[in-house]
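Here's the structure we're looking at; comments come further down.
2 protein chains.
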Amino acid sequence: MKLHFINSFCYNPLSGSGSHVKDRITIQAPATVANMVCGFDVLGFAVNDPYDEMSICFTGKPGITIINEDEYNLPTDPERNVAGAALLAMLEETAGDIGFELRICKHIKPGSGVGSSAASSAGAVVAANWLLNNPFTNEDLVRFAMNGEKLASGVKHADNIAPCIYGGVTLIRSIFPLDIIQLTAPPLYVTIVHPQIEVRTSDARGILKQQVLLKDAIRQWGNIAGLVAGLLKSDYELIGRSLEDVLIEPVRSILIPGFDKIKQLSKEAGALGGGISGSGPSIFMLSKDEETAKAVEQQMHSVYERLSLDHHTYITTINQQGVKLIV
Amino acid sequence: MKLHFINSFCYNPLSGSGSHVKDRITIQAPATVANMVCGFDVLGFAVNDPYDEMSICFTGKPGITIINEDEYNLPTDPERNVAGAALLAMLEETAGDIGFELRICKHIKPGSGVGSSAASSAGAVVAANWLLNNPFTNEDLVRFAMNGEKLASGVKHADNIAPCIYGGVTLIRSIFPLDIIQLTAPPLYVTIVHPQIEVRTSDARGILKQQVLLKDAIRQWGNIAGLVAGLLKSDYELIGRSLEDVLIEPVRSILIPGFDKIKQLSKEAGALGGGISGSGPSIFMLSKDEETAKAVEQQMHSVYERLSLDHHTYITTINQQGVKLIV
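In the order they appear, the protein sequences are chains S and U. The opening position of the first sequence corresponds to residue 1 in this note's numbering, with each subsequent residue numbered one higher. The opening position of the second sequence corresponds to residue 1001 in this note's numbering, with each subsequent residue numbered one higher.
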């Protein structure tokens, strides 16, 4: 699949401004893994594969035009499309009667749990910001893109948006006010399996208890503190020990066939640990080296073949760059 | 106050073993600040002032003899004394009919909320381990010393014990199994005020709700993740922003007169942030430099003078060493 819009009409209102401007921006927006097991709603990381491709240009008239170049039949009404919602939020803070044409070629399957909606929303606003000659900060872009997440799941959350825009592992210490911290990490291989079942983010949120035991919360914040320390100290063993979720996983994993078996066999194959990617159904596992990541993939295959469940796997690494300018 | 036991009788069963052994060990055990605002039950740090002094020697007969060299009239029955309880746990894992005489000169007032019981328990077992020629690991010593905490508060917790033994800032990721992580930190000045009121650790635990809102727990683990990142990255601003406790402080601070005012005025005076030390009643504030730490102390004085409340203050720094061998 490839984008085919290089010859479509582009109008650039910035062309006469004297600064070096582009008529069209093409980007890649990476998939992301939210929560990172013990960091529900606050941790996430970007991966190098899969990613969406998008292209944006000015139209010469106010408003957003969305053209889908993929098979997913997502809405083209900007108010019902997550990328559109993000761009509309951006236009509200942009002077002048500006309009964009956005062409989207998604490779990240919607509903797979690896930040498909975030890639659309974040990719769109990062591309538009480049087209506008960078008037907005990354924090602004996260704010705009969260409108896409609200449309997708009913909640403004940034644990996919932030790593998609910043790259690497990000901590969203706080949403209001927004406080995003980039965390360094040692080299990590990521094995992802996407079983072809549907888990709606809104359903996965709906089944969570709104009250939790203090003792469980203490265990959870001990783990996230351990995970952050493990990442910053490049301590693989500590990362592995800290990848434990006593609150969310026990509830959500019920929605994912074979989850416990995949986790057990992946760890036996040498994975540091892992769990549900975002709200699922994808499962991710972290490994120190590619050989282990491949052994983990084999275990994932074996479980879902036994269950006769269609699935896709990815072996990838952490994407350090976030949304990437192509042309 | 000084220890006066240098001429008391000491019997050393290891003397004939050929290794270099001491007949008597004298140590200083530092005060500690547990919780560190957003790390309830999992974070703590040691300070250079105040500290307890202890001296230990063999007696030649099984059992523990405790001699208090201070004004606090603590129990000398080893089963009712926190240092005794810790030593008894150690003796259970020590071969031979060994007995200790422990002399304690406490400078950390019991019940002040800066780890007085932990200093006794941890100091005793570290000293005894040195006397025995170090058969035990630091983790073993934490296990033994937690028996003292259980005697004092009804719960085995390590957020004072671990920093007292290891020094610096420590994360107790897990108690069962024990997983202690040392966290580096940039230079920090600590201002502590101890209002002369009594808050029992068991009462301070009793008023906590056993269930918390998931959204508050998320905010809390965002903050602890931010604090750990801030410490390891030496990012003072991030440390300051992360020193927020939405769960425990709102409940416990009610027991401490003037708490909100001290916090507000300390931050206005330039403190990065702070909160209740352990279960209180002491309050601690962190600052980047000594001048700010002194300005914070002035604010603490002013609040408690207005309330006519007796209080002690300390300006100190983080103790990197933990329990210290003197002779």
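In this text, a Cβ means the ideal position worked out from N, Cα and C, and glycines have one as well. These numbers were taken from a predicted model, which means no experiment stands behind them.
Check, Outcome
"Three or more C-beta pairs below 8 angstroms linking the stretch 223-243 of chain S and the stretch 1045-1064 of chain U", "no"
"Per-residue DSSP class, three states only, for H1301 of chain U", "helix"
"Helix, strand or coil at V296 of chain S according to DSSP, with G and I counted as helix", "helix"
"F1136 of chain U in three-state terms, based on DSSP", "coil"
"Counted within 10 angstroms of its Cβ, other Cβ atoms place Y1051 of chain U as buried (16 or more) or exposed", "buried"
"Span of the beta strand (DSSP E), counted from its first residue to its last, around E1101 of chain U", "1099-1105"
"Status (buried if at least 16 other CB within 10 Å, exposed otherwise) for S308 of chain S", "exposed"
"Cβ-based contacts, 9 angstroms cut-off: residues of the stretch 1020-1049 of chain U near chain S", "C1038, G1039, F1040, D1041, V1042, L1043"
"Below-8 angstroms beta-carbon distance, D179 of chain S vs any chain U residue", "yes"
"Rounded distance between the beta-carbons of V1323 of chain U and I1165 of chain U, thought under 8 angstroms", "6 angstroms"
"Any 3 or more C-beta pairs closer than 8 angstroms across the stretch 114-126 of chain S and the stretch 71-91 of chain S", "yes"
"Outcome for R173 of chain S when other beta-carbon atoms lying within 10 angstroms are tallied against a minimum of 16", "buried"
"Any C-beta of chain S under 8 angstroms from that of V1228 of chain U", "yes"
"Cα-Cα separation, N1035 of chain U to I1283 of chain U", "12 angstroms"
"G1280 of chain U and L1255 of chain U closer than 8 angstroms at C-beta", "yes"
"Interface positions of the stretch 204-222 of chain S facing chain U (Cβ-Cβ less than 8 angstroms), listed along the chain", "L208, K209, Q210, Q211, V212, L213, L214, K215, A217, I218, R219, Q220, W221, G222"
"Terminal residues of the alpha helix (DSSP H) in which T1201 of chain U lies", "1201-1206"
"Cβ distance (whole Å) where R1252 of chain U is taken to contact A1204 of chain U below 8 angstroms", "6 angstroms"
"Test item: CB-CB of Q1321 of chain U and G1167 of chain U under 8 angstroms", "yes"
"Cut-off 6 angstroms between Cβ atoms - residues of its own chain near A1293 of chain U, not counting five sequence neighbours on either side", "Y1189, T1191, S1287, I1315"
"Endpoints, the beta strand (DSSP E) within which V1033 of chain U is located", "1024-1034"
"Any chain S beta carbon closer than 8 angstroms to S1242 of chain U", "yes"
"Simplified DSSP state of L307 of chain S, which is helix, strand or coil", "coil"
"Test: S308 of chain S CB closer than 8 angstroms to a CB of chain U", "no"
"CB contact check: I1224 of chain U to chain S, cutoff 8 angstroms", "yes"
"Contact with chain U by R173 of chain S, beta-carbon distance below 8 angstroms", "yes"
"Beta-carbon spacing of L1214 of chain U, L208 of chain S below 8 angstroms", "yes"
"Extent of the continuous beta strand (DSSP E) run through R1252 of chain U", "Per DSSP, R1252 of chain U belongs to no beta strand (DSSP E); it is in the alpha helix (DSSP H), 1249-1252."
"Alpha-carbon spacing of T313 of chain S relative to E1198 of chain U, whole angstroms", "59 angstroms"
"F1100 of chain U classed as buried or exposed, judged by whether at least 16 other C-beta atoms fall within 10 angstroms", "buried"
"Cross-chain neighbours of L1188 of chain U in chain S, by beta carbon under 9 angstroms", "Chain S residues near L1188 of chain U: none, gap ~17 angstroms exceeds 9 angstroms."
"Exposed unless 16 or more other CB atoms sit within 10 angstroms - verdict on L1325 of chain U", "exposed"
"Coil, strand or helix - N319 of chain S by DSSP", "coil"
"Secondary structure of I1326 of chain U, DSSP reduced to three states", "coil"
"Within 8 angstroms, strictly: CB atoms of A43 of chain S and L247 of chain S", "In the sequence under discussion, the amino acid at residue 43 of chain S is Leu, which differs from the Ala named in the question. Cβ atoms of L43 of chain S and L247 of chain S: not closer than 8 angstroms."
"C-alpha distance - A360 of chain S paired with A145 of chain S, whole-angstrom precision", "Residue 360 of chain S cannot be examined here, being either before or after the span of chain S that is shown, 1 to 327."
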